[in-house]
Structure formats: structure tokens, C-alpha cells
Amino acid sequence: MSNTETEDNFREHLGNQTTSGKRIWLYPKIIKGRLYKYRTYLSWFYLLFFFTGPFIKINGYPLLLLNVIDRQFVIFGQPFWPQDFHFLVLLLITAIVFIVLFTVIYGRVFCGWVCPQTIFLEMVFRKIENVIEGNSIKQKKLDAMPWNREKITKKTLKFFAFFGVSFLISNTFLAYIMGWENLWSKISGPFMDGLTALFGLLVFTAVFYLVFAKVRELVCIMICPYGRLQGVMLDPNSMVVAYDDERGEPRGKIRRNQDQSEKGDCVDCNLCVDVCPTGIDIRHGTQLECVNCTACMDACDSVMSKIKKPKGLIRIDSVNNIRNKTGFRFTPRIISYTIVMVLLMGVFTYLLASRTDVEAHVLRIPGQTFFEEPNEIISNMYNLEMVNKSFDDKRFSIQPITPGFELVVADSNASLQANSEMKRVFLLKKSKQSIEGYKQPVAVQIFIDNRPLRKFETTFFGPIVIKE
Ligand code: SF4
Ligand code: SF4
């Protein structure tokens with residue numbers, strides 16, 4: 017069943033399905049137009065960044081490390097700790113709002129131009145497939161032919177090529193999680209030590225292989241939540257890849273000795289459908305499956321050039337703009353999203369700028385009140401927790417601010433190592449005679465490199481002393 021057979025009921029099923037729900041395997045043509053060239057350049061940059069990322073170091077730290085297992089996170093050479101979780105939440109909210117806002121204005125450009133799924137599928141795996149099996153017509157023929165020597169050779173070659181690239185992606189992916197030095201030590205170390213890493217590598221490789229060899233466009237159409245939200249984010253003012261039906265219709269093939277004056281510019285060549293990686297016909301209008309890859313724009317522009325008509329029959333434009341010939345307008349939705357975005361960015365920037373290198377917390381040891389020591393001394397025990405998020409070792413000290421207290425901390429000369437946590441127990445002591453009640457407030461000051469970092473107020477417990 018061809019895609020054109022679905023013309024009247026295209027919204028009732030996906031572009032890569034028959035009306036009964038059976039998947040149609042797609043053989044999109046690669047069309048090398050102006051936009052494809054830009055996408056290729058962008059993909060080179062992206063792939064270079066992706067594969068070299070784990071090896072790039074800033075101040076001795078990786079560019080990006082997302083070690084969930086050991087709770088080590090480095091973003092652009094800046095270490096983040098689980099205590100910085102609020103940054104991550106805020107960053108995610110900001111990113112989501114940004115993507116929504118961006119989608120409202122420019123449609124789903126992210127999917128076709130930046131999303132790793134599209135970049136790897138279209139710019140890596142699809143190209144390998146074309147080299148091994150030939151163009152889309154040859155691929156179709158190969159799939160239809162019985163298993164013979166040619167088919168077995170090409171399919172085997174493709175399997176190993178796809179598996180090899182998936183393995184490479186998997187290694188890089190794991191290097192972002194555990195650091196490449198760590199990964200390499202597992203790979204090059206004793207076999208049994210690296211078994212878990214090998215298992216992880218093979219699982220990731222299998223997932224990547226399945227995604228790029230089998231699942232393909234289904235990720236964008238059915239699995240990706242962003243894709244499924246397009247219906248609520250786009251409106252007639254959104255800039256999307258759109259067919260100018262005012263100009264293109266009534267469509268029709270060019271026939272010799274026939275008056276073409278009543279016809280629109282679309283010559284019904286179907287090339288825009290043949291190149292579409294999600295199998296849709298953009299001439300039906302904006303559809304959920306469209307990932308804004310702009311391949312149909314390149315295809316149609318090449319046709320328009322041949323028939324000497326202006327390019328841009330399929331272009332980035334809004335439905336309203338095509339209907340009314342009005343320019344881009346700021347809708348209330350765009351304005352409100354922009355305000356939210358600016359506010360979030362402001363809060364995020366403030367939090368980032370006010371983030372201190374060292375974080376400290378003082379807490380009473382749970383379940384304990386006070387100890388009576390010899391010489392009429394009462395003591396309370398506290399936990400001091402510190403995180404040094406910087407690249408340098410720091411010296412710390414702690415002193416009571418409230419008069420009448422003595423503070424004793426173990427190993428007070430120890431330094432706070434760079435990029436590490438430290439826990440200490442300390443005692444606050446006071447003479448029994450000066451106790452002012454069962455419970456009294458007390459304050460301590462923490463110094464880092466002799467500079468005050470933070471003041472903590474806590475509670476000191478003591479016995480009820482009946483004074484004569
Ligand atoms: S309709 Fe055009 S832009 Fe949309 S996915 Fe298909 S080829 Fe890409
Ligand atoms: S490529 Fe252009 S001319 Fe050809 S069918 Fe599509 S819209 Fe019409």
C-alpha cells in the first residue's frame with residue numbers, strides 16, 4: 017500500500033501505517049539540497065562534540081559527567097553535588113518552558129535539526145545504509161528479493177556496521193556516565209572486574225541497534241513525549257514546515273499540449289512524500305508526525321527549480337500567514353511564555369551566581385540531649401557536614417559565638433579536600449553553674465580559609481539546675 021492511497025483518511029492512521037494499523041517500512045530518499053547541507057554541517061559539529069566530549073577536560077574535570085551511581089555530576093567542568101539538586105530541577109523546568117515556547121513560535125525544529133535520534137538516524141545510520149544497500153529504490157528491491165548471496169552479504173555487512181556504530185555510541189554514552197578513565201580501566205583490566213561494564217555496554221548497544229535499525233521513526237511518532245505534545249503546543253500562528261496550498265492547488269502533473277493556467281504550482285510529483293522520514297504528505301497540512309526536518313522543502317525546491325517556478329512552495333511559515341498573508345505576530349501565549357521564561361532564567365542565574373564553593377550544615381545528633389562530664393561540665397554533641405564543591409582544598413574552623421561556651425572538634429586542623437564531603441562531630445561545653453535552663457539557644461560560626469562562611473543557630477540542652 018502506498019502512502020497516496022491514504023489521502024482521504026490520513027488523520028485516521030499514522031503516515032507509516034496502513035488503515036488496518038500494519039507498519040509500512042519506509043524507504044525515504046536522501047535529497048541533497050541546501051537545507052540538507054546545513055543539517056549535515058550541524059551534525060558534524062554535533063557528532064564531534066558527542067564523541068570527543070568525554071575526553072575534554074576543564075580544570076582537570078570532564079566537560080560533562082553524569083555519574084548517577086556514584087552521585088558525581090560535572091557540567092561544563094563545574095562539579096555539582098546531590099545538594100545542588102534544586103539547580104537541576106530549575107534547569108529542567110527552564111529547559112521545558114524554553115522548548116514549549118520555542119515550539120509555539122518555531123514548531124518542531126528541534127526534532128529535525130538537533131535531536132540526537134534524528135541526527136544519528138539520518139546523518140549516520142541512513143547514510144551507512146545507502147552506502148551498503150544503495151538508494152531507496154535499491155533498498156526496496158533488496159528487501160523484496162529472496163535470500164540470495166547478494167542479500168545475505170549486504171544484510172550481514174549492514175548488521176555489523178550498525179552494531180559497530182551502536183557499540184561506539186554505547187561506549188561514549190557510558191563514558192559520560194562513569195568517566196572514560198573509569199570505563200577504560202574496566203575494559204582493559206581483568207575480565208571478571210569488567211563484567212558489569214561489559215554487560216552495560218552490550219545492553220546499551222542492543223538498545224541503540226534496535227532504535228536505529230528497527231524502531232526508527234516510531235520513536236518520533238509514538239514514543240517521544242515531546243512529539244506527542246505537539247497537538248497542544250502548536251497553533252495556526254506557529255512557524256512550521258508548511259505547504260502553501262493557496263499557491264500549489266489545484267495540483268496536477270504537467271502534460272504536454274494541455275493548458276496549465278488553471279493549475280497551481282504543485283506538479284504532484286510526490287517527491288516531498290518520497291523524502292519524508294516519517295512517511296507523511298505535508299500537503300495535507302501540519303501533522304503530528306512531521307519532525308520539521310525540512311527534507312520536503314529541499315525536495316520541492318529542486319522541483320520548482322526544474323519547472324522554473326519560485327522556490328518555497330513548501331517553506332517554514334504559519335498557517336495563518338499563508339491564509340491571510342499577514343506577518344509574524346506575538347500572541348498572548350507567546351508573551352506569557354516569554355515572561356515565565358525570563359523570570360525562570362533570572363532565578364536560575366541568581367542561584368547559580370550565589371552558589372558558594374563550600375556548603376555546611378550543623379545538626380544535633382538525634383536522640384541525645386546532654387552529657388555530664390567531670391568538673392561540673394555539661395556537653396552536647398553535634399554533627400558538622402561540609403561539602404567542598406571547588407577544585408581547591410580549603411581550611412575550615414568553627415567557633416562558638418554565644419559567650420560562655422567552649423567548642424571541641426576532632427581533627428580541627430584537617431583540610432577540606434577539593435570536590436569532597438567531610439563529616440565531623442563536635443562538642444559544645446558549658447559549666448553546669450552557668451546553665452540557664454533545660455534548653456537554650458547557641459550560635460556557632462564556620463570559617464573557610466579564615467573567612468566567615470555561615471552562622472548556625474542551634475539548641476543546647478542541660479539539666480535543670482536549682483540555684484541556691
Ligand atoms: S513533512 Fe517534511 S519536514 Fe515534516 S518530517 Fe516529512 S520531510 Fe520532514
Ligand atoms: S515536491 Fe512540490 S511539486 Fe512535488 S508533489 Fe511535493 S509539493 Fe508538489
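With the numbering used here applied, the sequence shown corresponds to residues 17 to 484, in that order.
Idealized CB from N, CA, C, for every residue including glycine.
_According to DSSP, is K202 part of a helix, a strand, or is it coil?_
Along the sequence shown, read from residue 1 onward, the residue named residue 202 stands at position 186. Three-state result, K202: helix.
*To which residues does DSSP link D333 through a beta bridge?*
To locate residue 333, count along the sequence shown from 1; it is residue 317. Beta-bridge pairing links D333 to V256.
*Continuous alpha helix (DSSP H) stretch holding V105: start and end*: Position 89 of the sequence shown, counted from the start, is the residue given in the question as residue 105. Unbroken alpha helix (DSSP H) run through V105: F101 to Y122.
_Enclosing beta strand (DSSP E) for T372 [first to last residue]_ = Sequence index remark: in the sequence shown, residue 372 carries index 356 (1-based). First-last for T372: undefined, no H or E at that position.
_Under DSSP, the alpha helix (DSSP H) around K154 begins and ends at which residues?_
Translated into the one-based positions of the sequence shown, residue 154 becomes position 138. Per DSSP, K154 belongs to the alpha helix (DSSP H) from S152 to A160.
_Bounding residues of the alpha helix (DSSP H) (the contiguous stretch that carries Y192)_ = Counting from one through the sequence shown, the residue named residue 192 turns up at place 176. DSSP places Y192 inside the alpha helix (DSSP H), whose first and last residues are R165 to M194.
_Assuming the contact rule is C-beta atoms closer than 8 Å, P78 and V90 should be a hit. Round their C-beta distance to whole Å, please._
In the sequence shown, counting from the first residue as 1, residue 78 sits at position 62. In the sequence shown, counting from the first residue as 1, residue 90 sits at position 74. Your pair P78 and V90 checks out as a contact, with CB atoms roughly 5 Å apart and the cut at 8 Å.
_Backbone CA spacing between H29 and C312 [nearest angstrom]_ = Here residue 29 corresponds to residue number 13 of the sequence shown, with the count starting at 1. Here residue 312 corresponds to residue number 296 of the sequence shown, with the count starting at 1. Whole-angstrom Cα-Cα distance: 21 Å.
*Flag this pair as yes or no: are the beta carbons of N485 and L444 separated by less than 9 Å?*
In the structure as shown, the chain begins at 17 and stops at 484. Residue 485 is therefore absent and cannot be evaluated.
*Taking only runs of the beta strand (DSSP E) that begin and end inside the region 421–454, which ones reach a length of at least 3 residues, in chain order?*
Those beta strand (DSSP E) runs which fall completely within the region 421–454 and span 3+ residues are 422–425 and 436–447.
*asked:* Looking at ligand 2, does it come within less than 8 Å of Y259, judged from the CB to the closest heavy atom?
replied: Locating residue 259 in the sequence shown gives position 243, counting from the first residue. Indeed, a heavy atom of ligand 2 lies less than 8 Å from the Cβ.
*Quick one: is the Cβ of A369 within less than 8 Å of any heavy atom of ligand 2?*
Translated into positions along the sequence shown, residue 369 becomes position 353. For ligand 2, not one heavy atom lies less than 8 Å from the Cβ of A369.
*Measure the alpha-carbon distance for F477 versus A426 and round it to whole angstroms.*
For the purposes of this step, residue 477 is taken as the residue at position 461 of the sequence shown. For the purposes of this step, residue 426 is taken as the residue at position 410 of the sequence shown. Looking at the two C-alpha atoms, the distance is approximately 21 Å.
*Which runs of the alpha helix (DSSP H) spanning at least 4 residues fall entirely within the region 291–342, listed in chain order?*
Taking only runs of at least 4 residues, the alpha helix (DSSP H) segments lying wholly in the region 291–342 are 311–322 and 335–340.
*asked:* Looking only at its chain, what residues have a beta carbon closer than 8 Å to the beta carbon of E389, apart from the 5 residues adjacent to it on each side?
replied: By one-based count along the sequence shown, residue 389 stands at place 373. Around E389: S395 and K445.
*heavy atom of ligand 2 below 8 Å from R299 C-beta*: The sequence position of residue 299 within the sequence shown is 283, counting from 1. Correct: R299 has its Cβ closer than 8 Å to ligand 2.
*Short check: CB of R272 to CB of G280, under 9 Å?*
Along the sequence shown, one-based indexing puts residue 272 at 256. Along the sequence shown, one-based indexing puts residue 280 at 264. Between R272 and G280, the C-beta gap is not smaller than 9 Å, which leaves the two residues out of contact.
*Would you kindly check if the distance between the Cβ of V235 and the Cβ of S334 is under 9 Å?*
By one-based count along the sequence shown, residue 334 stands at place 318. By one-based count along the sequence shown, residue 235 stands at place 219. Contact: no.
*Buried or exposed (CB count within 10 angstroms, at least 16 for buried), V84*: On the sequence shown, position 68 is the one that residue 84 refers to. So V84 counts as exposed.
*asked:* Taking only three categories from DSSP, how would you classify K53?
replied: For the purposes of this step, residue 53 is identified with residue 37 of the sequence shown, where counting begins at 1. Three-state result, K53: helix.
*Contacting residues, own chain, Cβ-Cβ under 7 Å from M438 (five flanking each side not counted)*: Within the sequence shown, the letter at position 422 stands for residue 438. Once the five neighbours on either side are set aside, the close Cβ partners of M438 are M402 and L432.
*What is the rounded straight-line gap between the Cα of V356 and the Cα of V248?*
As a position in the sequence shown, residue 356 is number 340, starting the count at 1. As a position in the sequence shown, residue 248 is number 232, starting the count at 1. V356 and V248 have their C-alpha atoms roughly 18 Å apart.
_Three-state secondary structure (DSSP) of Q94_ = As a working note, residue 94 is residue 78 in the sequence shown. Strand.
*How big is the Cα-Cα spacing for H102 and D261?*
For the purposes of this step, residue 102 is identified with residue 86 of the sequence shown, where counting begins at 1. For the purposes of this step, residue 261 is identified with residue 245 of the sequence shown, where counting begins at 1. The straight-line gap from Cα to Cα measures roughly 48 Å.
_Is the beta carbon of C316 closer than 9 Å to that of L329?_
Walking along the sequence shown from the start, residue 329 turns up at place 313. Walking along the sequence shown from the start, residue 316 turns up at place 300. Contact flag set, yes.
*Compute the minimum distance between the beta carbon of D209 and the heavy atoms of ligand 2, and state whether it is under 8 Å.*
Working through the sequence shown from its first residue, we reach residue 209 at position 193. For ligand 2, not one heavy atom lies less than 8 Å from the Cβ of D209.
*With contact counted as at least three CB pairs below 8 Å, one residue from each stretch, are the region 117–135 and the region 58–69 in contact?*
Counting C-beta pairs with one atom in each stretch, the region 117–135 and the region 58–69 have three or more that are closer than 8 Å, which means they touch.
*asked:* Do D290 and K48 have their beta-carbon atoms positioned less than 9 Å apart in this structure?
replied: As a first step, residue 48 is located in the sequence shown; it is residue number 32 there, counting from the start. As a first step, residue 290 is located in the sequence shown; it is residue number 274 there, counting from the start. Taking a C-beta distance under 9 Å as the contact criterion, K48 and D290 do not qualify as a contact pair.
_Check: A311 C-beta below 8 Å from any heavy atom of ligand 2_ = Start at 1 with the first residue of the sequence shown, and residue 311 comes out as number 295. No; taking the cut-off as 8 Å, the Cβ of A311 has no heavy atom of ligand 2 nearer than that.
*Beta carbon of V363: closer than 8 Å to some heavy atom of ligand 1?*
Position 347 of the sequence shown, counted from the first residue, corresponds to residue 363. Answer for V363: no, Cβ out of range of ligand 1.
_Let me check understanding here. Comparing Cα to Cα, which of N466, E375, I480 and I462 lies closest to S436?_
By one-based count along the sequence shown, residue 436 stands at place 420. The residue with the shortest Cα to Cα distance from S436 is E375.
*Pull up the DSSP beta-bridge partners for Y398, would you.*
Translated into positions along the sequence shown, residue 398 becomes position 382. Partner residues in the beta bridge of Y398, as assigned by DSSP, are R380 and F442.
*asked:* Check for me: the alpha helix (DSSP H) holding K143 runs from which residue to which?
replied: Reading the sequence shown from its first residue, position 127 is the one you call residue 143. Note, K143: alpha helix (DSSP H), R142 to E149.
*Using 10 angstroms around the beta-carbon of S277, count the other beta-carbons present and answer buried if the total reaches 16, otherwise exposed.*
If you number the sequence shown from 1, residue 277 lands on position 261. Label assigned to S277: exposed.
*Helix, strand or coil for Y77 per DSSP?*
As a first step, residue 77 must be located in the sequence shown, where it is residue number 61. Under the three-state reduction of DSSP output, Y77 falls in the strand class.
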